[in-house]
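Remarks on the structure that follows.
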Amino acid sequence: MYPKLEDPRTHQEWLPPHSFAWYDQIAALSGAYAYSWNSTITEPNAEVRFEQEVREMVNDRIVLDVGCGHGEFTAQWAPSVKRIIGLDVTSGFIASGREQPPPNVAFVTANTKERLPFADGEFDCAYNRRGPTSCYQDIARVVKPGGHILALHPGDRMSMELPRLFPGFFERSPDGTPILDRLAHRLEQGRLRQVEIETVTSVQYLHEPMDVIRIRCFGQSPALIAKIIDESLSGIEATFRRHATAQGLPATYEQYLVRAIS
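Next up, the structure:
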């Protein structure tokens, strides 16, 4: 048995992850959507594979980046692409991306739950790196027929050990594969062709007890995180020491790598 920890969601200041308010707070605090915890990911690393496939896809193309955040990943393709547009719903991230973009890089604020603000067939290809799955309802319209679409989304078994190791601190993982089921449904709704969803599973090693708090409280305010450290760090440290290896605390790292054609 593991000691039950305080549920951080009971704090009035807690913002639900992936809510508009949560994204706005991250943009206001740092201007960048960048993970705050320290970890090592074993092979196969879906993030690395996704980046390699994007690199091969975008060369000399007009590209759409859906859910671009602050645009760092978008701008890195400037030397390779004809033109690339990053889209995100959070205006604070878009403002960061627009500070000093290369001449062939642009950013647009838009909600993917609505019609995408682009012409039919405007893009040669598109990718979605942990962005909103609602984009699939319209992405086939804005990508030319036969254009490739790549995506990367967190899997249903991501960090599935943490609710057991730290009961109360993490939400219990739902049964089944609701993330995969919703993803497959939205891809089907978008009438994309030759859809492939590959499950890529590896291990993420969290380096220190504070990384457990950082991964759970990502996007929360510094004041709230300080309260949660006071409440829970000592209990987290005991469990961490009990189960960590020389590399850190192991947890499942699962991602869905999507390939499709418009």
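So that you can map any letter, position 12 of the sequence shown is 12 in UniProt numbering, and since no number is skipped, the others follow by simple counting.
All C-beta atoms in this analysis are idealised placements derived from N, C-alpha and C, irrespective of residue type, glycine included.
Keep in mind the model is a prediction, meaning the values are calculated, not measured.
According to DSSP, residue pairing for arginine 259 in a beta bridge involves Leu150 and Glu196. For leucine 249, the three-state secondary structure derived from DSSP is strand.
Partner residues in the beta bridge of glycine 86, as assigned by DSSP, are Asp65 and Phe107. Beta-bridge pairing by DSSP links isoleucine 41 to Gln204.
In this chain, alanine 34 is not harboured by any alpha helix (DSSP H), its DSSP state being neither H nor E. Straight across, the Cα-Cα distance linking valine 212 with serine 30 is about 20 Å.
Serine 36 is positioned such that its CB atom lies no closer than 8 Å to that of isoleucine 149. The three-state reading of DSSP puts arginine 182 in helix, counting H, G and I together. Counting only residues of its own chain and dropping the five nearest sequence neighbours on each side, alanine 110 has a CB closer than 6 Å to the CB of Leu87 and Pro117. Scanning Gln12, Glu114 and Trp77 for the CA closest to the CA of proline 103 turns up Trp77.
Per DSSP, the unbroken beta strand (DSSP E) holding arginine 129 starts and ends at 125-129.
Pairwise C-beta distances place the region 249-262 in contact with the region 197-209, as three or more of them are shorter than 8 Å. Counting along the chain, no alpha helix (DSSP H) covers valine 81, and no H or E run does either. Nearest to isoleucine 41 by alpha-carbon distance, out of Ser159, Gln12 and Thr133, is Ser159. Within the same chain, Leu5, Phe166, Phe169, Pro209, Val212 and Ile213 come within 8 Å of isoleucine 236 by CB-CB distance, once the 5 residues on both sides are set aside. Counting other Cβ atoms within 10 Å of its Cβ, asparagine 128 reaches 16 or more and is therefore classed as buried. Here the C-alpha atom of alanine 184 lies approximately 13 Å from the C-alpha atom of proline 154.
With 16 or more other Cβ atoms from the protein chains shown falling within 10 Å of its own Cβ, proline 8 counts as buried. Here glutamine 220 is not near serine 39, since their CB atoms are 8 Å or more apart.
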